[in-house]
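Participant:
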Amino acid sequence: MSTPALSAPHARAAAFVPAPRVHRALTASLERRALVWLAERAPRWVTSDGLTALGLAAQVAAGVGYACARQHRWALTLVNVCVVLNWLGDSLDGTLARVRAQQRPRYGYYVDHVVDVLGATALMCGLGCSGAVHWPVALAMLIAFLLLSAESYLATYTLGRFELSQGPFGPTEIRLLLITGNFALLRSPYAHVWGHRMLLFDLGGVIAAVCMAGMLTVLTMRHTAELYRAEPLP
């Protein structure tokens, strides 16, 4: 009896090989064990798609919380709760799919990263409305993040590996820094640098934007050189 031929979409799915994930951040090992522990104990009604939706909703809510913090500083506590929920949804969805052998690598990769872009935009717009940072700084952070994300997606496709972290920093470390900054913001919205007073998140935002821009430059040069060596001219 002959085996029925696969339809074109199923044939493409069968041929697709997901890029290996490279994650060397400070918290990567501990986080991986925690996520597997949670995934193994998650009730059946918890799904990967539901967790992805939770991650996006939490990041949008964090942006709303920042906007509300302009009038009510206690809203920063809500932002921190939302950041934790975003970590749970964004980090656990893929682990849950792998533990349950329900991977959809193309769908998962696409949806996760569209959600990341939308969530980051909502978060930075909320931060710009908060009064804790000037709009040019918030936009600089958003633009740097989007450019760095685009480089990461292109590198994943062309190099065949998905780098979740750069050096000791990954998404979880960034969330921890954001939570720490929010607690500092609850105490005072200002920082003093060399005798000058400035907004704390302006200082942090400029540092973050410059670091992301520098990282983008280094990665672009490194990956361009790697691809050039991999495809030499005849």
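All residue numbers for the sequence shown refer to this note's numbering, where the first residue is 1 and numbers rise by one. Virtual Cβ for every residue (Gly too), placed ideally from N, Cα, C.
Measuring straight from C-alpha to C-alpha, what distance separates residue 36 and residue 99?
Facilitator: The count along the sequence shown starts at 1 and reaches residue 36 at position 36. The count along the sequence shown starts at 1 and reaches residue 99 at position 99. Between residue 36 and residue 99, the C-alpha separation is close to 7 Å.
Participant: Just to confirm my understanding: we take residue 141, look at its own chain, exclude 5 residues before and 5 after, and list those with CB closer than 7 Å. What are they?
Facilitator: Within the sequence shown, the letter at position 141 stands for residue 141. Closer than 7 Å at Cβ, skipping near neighbours: 124, 205, 208, 209.
Participant: Consult DSSP for residue 103 and reduce its assignment to one of helix, strand or coil.
Facilitator: The residue given as residue 103 occupies position 103 in the sequence shown. It is coil, neither helix nor strand.
Participant: Assign residue 59 to one of two classes, buried (16 or more other C-beta atoms within 10 Å of its C-beta) or exposed (fewer than that).
Facilitator: Along the sequence shown, one-based indexing puts residue 59 at 59. By the neighbour-count rule (16 or more Cβ atoms within 10 Å), residue 59 is buried.
Participant: Alpha carbon to alpha carbon, what distance is there between residue 76 and residue 233?
Facilitator: Numbered from its first residue, the sequence shown carries residue 233 at position 233. Numbered from its first residue, the sequence shown carries residue 76 at position 76. If you take the alpha carbons of residue 233 and residue 76, they lie about 55 Å apart.
Participant: What does the alpha-carbon distance come out to for the pair residue 130 and residue 66?
Facilitator: Position 130 of the sequence shown, counted from the start, is the residue given in the question as residue 130. Position 66 of the sequence shown, counted from the start, is the residue given in the question as residue 66. So the alpha carbons of these two residues sit roughly 5 Å apart.
Participant: Tell me which same chain residues have a C-beta within less than 7 Å of the C-beta of residue 56, skipping the five on either side of it?
Facilitator: Translated into the one-based positions of the sequence shown, residue 56 becomes position 56. Cβ within range, chain order: 115, 118, 119.
Participant: How far does the alpha helix (DSSP H) with residue 54 in it reach, from first residue to last?
Facilitator: Here residue 54 refers to the residue found at position 54 of the sequence shown. 48 to 68 is the span of the alpha helix (DSSP H), which, as asked, contains residue 54.
Participant: In chain order, what residues of the same chain have a beta carbon less than 7 Å from the beta carbon of residue 230, not counting five sequence neighbours either side?
Facilitator: For the purposes of this step, residue 230 is taken as the residue at position 230 of the sequence shown. Once the five neighbours on either side are set aside, residue 230 has no close Cβ partner at all.
Participant: How about residue 165 and residue 219: do their beta carbons lie closer than 9 Å?
Facilitator: As a position in the sequence shown, residue 165 is number 165, starting the count at 1. As a position in the sequence shown, residue 219 is number 219, starting the count at 1. Going by C-beta atoms, residue 165 is not nearer than 9 Å to residue 219.
Participant: Quick check: the region 25 to 32 against the region 160 to 179, are there 3 or more CB pairs under 8 Å?
Facilitator: Counting Cβ pairs under 8 Å, three or more are found: they touch.
Participant: In the structure shown, what three-state DSSP assignment does residue 196 receive?
Facilitator: As a working mapping, residue 196 is identified with position 196 in the sequence shown. Correct three-state label for residue 196: strand.
Participant: If we count the other Cβ atoms within 10 Å of its Cβ and call it buried at 16 or more, is residue 145 buried or exposed?
Facilitator: For this step, residue 145 is matched to residue 145 along the sequence shown. Its Cβ being crowded by 16 or more others within 10 Å, residue 145 is buried.
Participant: Can you name, in chain order, every residue of its own chain whose Cβ lies under 7 Å from the Cβ of residue 105, other than the five neighbours on each side?
Facilitator: Position 105 of the sequence shown holds residue 105. Only 16, 18 meet the Cβ criterion.
Participant: When the Cα of residue 33 is compared with those of 64, 211, 96, which residue comes out closest?
Facilitator: Looking up residue 33 in the sequence shown gives position 33. The residue with the shortest Cα to Cα distance from residue 33 is 96.
Participant: Going by other Cβ atoms of all chains shown within 10 Å of its Cβ, with 16 needed for buried, is residue 201 buried or exposed?
Facilitator: Against the sequence shown, residue 201 aligns to sequence position 201. Buried.
Participant: Between which two residues does the alpha helix (DSSP H) holding residue 139 run?
Facilitator: As a first step, residue 139 must be located in the sequence shown, where it is residue number 139. Residues 135 to 159.
Participant: Quick check: what's the CA-CA separation for residue 196 versus residue 203?
Facilitator: On the sequence shown, residue 196 is found 196 positions in, with the first residue counted as 1. On the sequence shown, residue 203 is found 203 positions in, with the first residue counted as 1. One C-alpha to the other measures close to 11 Å.
Participant: DSSP state of residue 22, grouped into three classes?
Facilitator: Against the sequence shown, residue 22 aligns to sequence position 22. Looking at residue 22 - three-state DSSP - the assignment turns out to be strand.
Participant: Going along the chain, which residues of its own chain have a beta-carbon closer than 8 Å to the beta-carbon of residue 184, five neighbours each way excluded?
Facilitator: Residue numbering aside, residue 184 sits at position 184 when the sequence shown is read from its first letter. Closer than 8 Å at the Cβ level, and outside the excluded window around residue 184, lie 200.
Participant: Can you check DSSP and say which residues form a bridge with residue 110?
Facilitator: Against the sequence shown, residue 110 aligns to sequence position 110. Paired residue(s): none; residue 110 is not in a bridge.
Participant: Can you say whether residue 221 is buried or exposed, counting buried as having 16 or more other CB atoms within 10 angstroms of its CB?
Facilitator: Locating residue 221 in the sequence shown gives position 221, where the first residue counts as 1. Classification for residue 221: exposed.
Participant: Determine whether the beta carbon atoms of residue 155 and residue 223 lie at a separation below 9 Å.
Facilitator: Taking the first residue of the sequence shown as position 1, residue 155 is located at position 155. Taking the first residue of the sequence shown as position 1, residue 223 is located at position 223. Contact: yes.
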